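Basically our numbering = 1-based index in the sequence shown + 10. For each residue, glycine too, the CB sits at the ideal point set by N, CA and C. All figures in this text were calculated on a predicted structure; none of them were measured in a lab.
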Amino acid sequence: MDKVSPEERSRVMARVKSRDTGPEKRVRSMMHRLGLRFRLHRRDLPGTPDLTLPGRQTVVFVHGCFWHRHAGCPQASTPAVNVDYWTRKFARNQARDAEAVERLTALGWRVVIVWECELRRPQQLEERLRRIFLTPDGASDRRPMV
Ligand SMILES: [Zn+2]
Numbered sequence: 011m012d013k014v015s016p017e018e019r020s021r022v023m024a025r026v027k028s029r030d031t032g033p034e035k036r037v038r039s040m041m042h043r044l045g046l047r048f049r050l051h052r053r054d055l056p057g058t059p060d061l062t063l064p065g066r067q068t069v070v071f072v073h074g075c076f077w078h079r080h081a082g083c084p085q086a087s088t089p090a091v092n093v094d095y096w097t098r099k100f101a102r103n104q105a106r107d108a109e110a111v112e113r114l115t116a117l118g119w120r121v122v123i124v125w126e127c128e129l130r131r132p133q134q135l136e137e138r139l140r141r142i143f144l145t146p147d148g149a150s151d152r153r154p155m156v
C-alpha cells in the first residue's frame, strides 16, 4: 500500500523530469554523434523545448513516458491510489504538451518527440533520428513526429 501523499510522491517523481536527466543527455550525445548541432532549453519558445535545431527549424522534446502519457506504453501506468489526483495531473500535462506542439507548429517549427522508452533500443532510436534529420524525405517532412 502506498503511504506517501500524492504531493510527496509527485515531488519525488518530478526529479525524474529535471532538466539534465539521463535520458536527455543520452539523446544529446546520440544527436552529437550524428553530427547534429542544437541549443538547449530555449525559454523563448513554447514549452521550452529540450533541444532546438535552428538550422532545421526543428525542436526535440525528450519525454518521460509516465508524466507525458506515452500512448500504449507500459511506463505510462496510472498509480492505483489517488486516481483522481493523477488523472487531473496527467490531463494538465497532456493539455500543456498539446498546446506547445500547436504553438510551435504555428510558428513554423517541426516538433519531434523522443520517448524515454525508446532509449531501451538505442540503435532503433538512432535510426529514427537519422531518418528524421539526415534523409531528404525526413528532413522535408514538417509534420509533428510524436
Ligand atoms: Zn514509452
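Per the coordinates, the alpha-carbon of L46 lies some 19 angstroms from the alpha-carbon of T58. Per DSSP, T62 lies in no alpha helix (DSSP H) segment; the continuous beta strand (DSSP E) that holds it begins and ends at 61-63.
Within the DSSP bridge table, the entry for F48 names no partner. Taking C-alpha positions only, D107 is separated from E17 by approximately 21 angstroms. Taking one beta carbon from each stretch, the region 91-103 and the region 132-152 have fewer than 3 pairs nearer than 8 angstroms; the two do not touch. Beta-bridge pairing by DSSP links W125 to H73. By the beta-carbon neighbour count (other beta carbons within 10 angstroms, threshold 16), G74 is buried. Spanning the alpha carbons of K35 and H42 requires a straight line of approximately 10 angstroms. For H42, the CB stays at least 7 angstroms from every heavy atom of ligand 1. For R120, the secondary structure class from DSSP, reduced to helix, strand or coil, is strand. Contact between E126 and L135 does not hold, since their C-beta atoms are separated by about 10 angstroms, which reaches or exceeds 8 angstroms. Close CB contacts of R49 within its chain, under the 6 angstroms cut and outside five residues either way in sequence, are with T62 (chain order).
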